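Undergrad: When you line the sequence shown up against mature numbering (1 follows the signal peptide of the UniProt record, and there is no 0), it's residues -21 to -1, 1 to 391, in that order. For reference, the structure I am asking about is given below.
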Amino acid sequence: MKKSIYLLALTFLFISCSDNDDVIVEQCGQPQNVTVNNITFDSASVTWDNNSATSYTLEYGLSGFTLGSGTSENVTNNTALFSGLSANTAYDVYVSANCSTSNTSMYTGPISFVTSAPLVVPEFLPNLSELNLFEGELNNLMPSERAFIYNLNTTLFTDYAYKQRILALPEGTSMEYVDDGFPNFPDNTVMAKTFYYLNNERDESEGKQIIETRVLILKNGIWELGNYKWNSDQTDAVLDNTTSNVAVSYLDTNGATVNVDYAIPSAQQCIDCHNNNNIIIPIGPRLRALNGNNQLEDWISNNYLSNLTDVSQVAVLPNWEDAVNYTLEERARAYFDMNCAHCHTDGGFCGDQSYLRLSYDTPFADSYIFEDKINIDTRMSFYYQGVSMPLIGTTMMHPEGYDLISQYLDTL
């Protein structure tokens, strides 16, 4: 009897320890090959390899955030789109797989990404910072990744002010080559030229005084202009199209103190210079003035400029200060082209008042330089507002420019 009871108990023991009480649940696998793509200034998409999970949990936040403190999202496929992100911002994202309510994987991550710069705004908003032309501290004048600096072979004289020129094209567009003059700019192109003085020209680390940023915006094929005046704290600039003067004092390359009563032009004065046959046009960025230091080659390779493969097709406007590579006449004509020709041209501000035609590509016989050389010399030799030349944009004569033109006129 005891033996029978023992066998019965042993049988129950084997039954209670059968495989039915030892079910092994496979751990839900972590998402693999998580990637972030299609990153814009305010959105990004995340993808990963699909597995046997029924859903996935994503958590994202600013780079370095702690799990549990971010934004969570559940999806049933292997992709997710984040929107409403901040521009120029670093983010982390984690992804886990859900095979059942009680079986989830460990998180894969962090996967890091950075949103792109905000789009440049082709509107005249109250503050320069709102146009998104720059990134970081505004007074560092660091162009947004959506804008780029351009340089001219010969520049306009403006009381020895330094200038930063930047250009922003709408996303996915380019300028189109036509000839040596202006390219065709796409609508919503933004040009900005910022005027400033170094506090000490011998030591740039001593900072600068930024005066104004002049802006041109192409809207529906028509250029519009506006002027932003920088505040005294140098933190931003305000749209203000009235004329005013700013006192500037700096040390030049010789260590001498230079005082300038810098004149910010009014909107009407800007129109006077930029007007041609009652149409506002830029002044500087003709391709012949941009053709130097591989600049046009860079534009082509970066898809900024189309319809041109060989830049040798484009003429070169000489650097008026380069006496090694250019003749006196070439340099003088280049100076005229950049400093005077926008007014002294057909349809320009002085087009009906003067016979002078001072564009670089105007044949000498048609320029009337010889016939008017005495008047040119006289009106460039001193400064008197409303009489001397240039008529607008300076508060002093330009000794170096006058010396060049005077020497040239003496050869005629």
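Using N, Cα and C, we set each Cβ at its ideal position, and we do this for glycine too. In this text the structure is predicted, and so the values were computed from the model without any measurement.
Between which residues of its own chain and G160 is the CB-CB distance below 6 Å, once the five residues before and five after are set aside?
TA: These residues qualify, in order along the chain: R265.
Undergrad: Assign F343 to buried or exposed, taking buried as 16 or more other Cβ atoms, counted over all protein chains shown, within 10 Å of its Cβ.
TA: It counts as exposed.
Undergrad: What does the alpha-carbon distance come out to for the pair A294 and T374?
TA: Taking the straight line from one Cα to the other gives about 32 Å.
Undergrad: Quick check: the segment 209 to 221 against the segment 316 to 336, are there 3 or more CB pairs under 8 Å?
TA: Too few Cβ pairs lie closer than 8 Å, so no.
Undergrad: In chain order, which continuous runs of the alpha helix (DSSP H) of length 4 or greater are located wholly inside the segment 291 to 322?
TA: Counting only runs of 4 or more, we get 307 to 318.
Undergrad: By the DSSP assignment, the beta strand (DSSP E) with E38 in it spans what residues?
TA: From DSSP, the beta strand (DSSP E) with E38 extends over S34 to L41.
Undergrad: For E109, is the classification buried or exposed, using 16 other Cβ atoms within 10 angstroms of its Cβ as the cut-off for buried?
TA: Exposed, since its Cβ has fewer than 16 Cβ neighbours within 10 Å.
Undergrad: Verify whether the separation of the beta carbon atoms of Y175 and Y129 is less than 8 Å.
TA: Contact: no.
Undergrad: Measure the beta-carbon distance from Y156 to I190 and round it to whole angstroms, keeping in mind my assumption that it falls under 8 Å.
TA: Actually they do not touch by this definition, with Cβ atoms about 34 Å apart.
Undergrad: Mapping DSSP to helix, strand and coil, what is G88?
TA: Reduced to three states, the DSSP call for G88 is strand.
Undergrad: For G327, which residues of its own chain have a beta-carbon under 7 Å away from its beta-carbon, when the five flanking residues on both sides are left out?
TA: Excluding residues within five positions, the ones whose Cβ falls inside 7 Å are N255 and H321.
Undergrad: What number of angstroms, rounded off, separates the C-alpha of V169 from the C-alpha of P261?
TA: If I take the Cα positions, the gap works out to 11 Å.
Undergrad: What residue ranges within the segment 172 to 255 form continuous beta strand (DSSP E) runs of no fewer than 3 residues, ordered along the chain?
TA: Taking only runs of at least 3 residues, the beta strand (DSSP E) segments lying wholly in the segment 172 to 255 are 187 to 198, 201 to 209, 216 to 218, 223 to 230 and 236 to 243.
Undergrad: So, with DSSP's three-state summary, where would you put L(-12)?
TA: Low per-residue confidence applies at L(-12): pLDDT is 41, beneath 50, and the placement is therefore not dependable, though the value from the model is reported in the following sentence. Helix, per DSSP.
Undergrad: So, for Q364: in the same chain, excluding its five sequence neighbours on each side, which residues have a beta-carbon less than 7 Å away from its beta-carbon?
TA: The answer is none, since no qualifying residue turns up.
Undergrad: Is it right to say R181 is buried, meaning 16 or more other beta carbons lie within 10 angstroms of its own, or is it exposed?
TA: Exposed.
Undergrad: Are the Cβ atoms of F20 and A76 separated by less than 8 Å?
TA: Result no, Cβ atoms of F20 and A76 do not sit closer than 8 Å.
Undergrad: With H, G and I counted as helix, E and B as strand and the rest as coil, what does DSSP make of R358?
TA: Reduced to three states, the DSSP call for R358 is helix.
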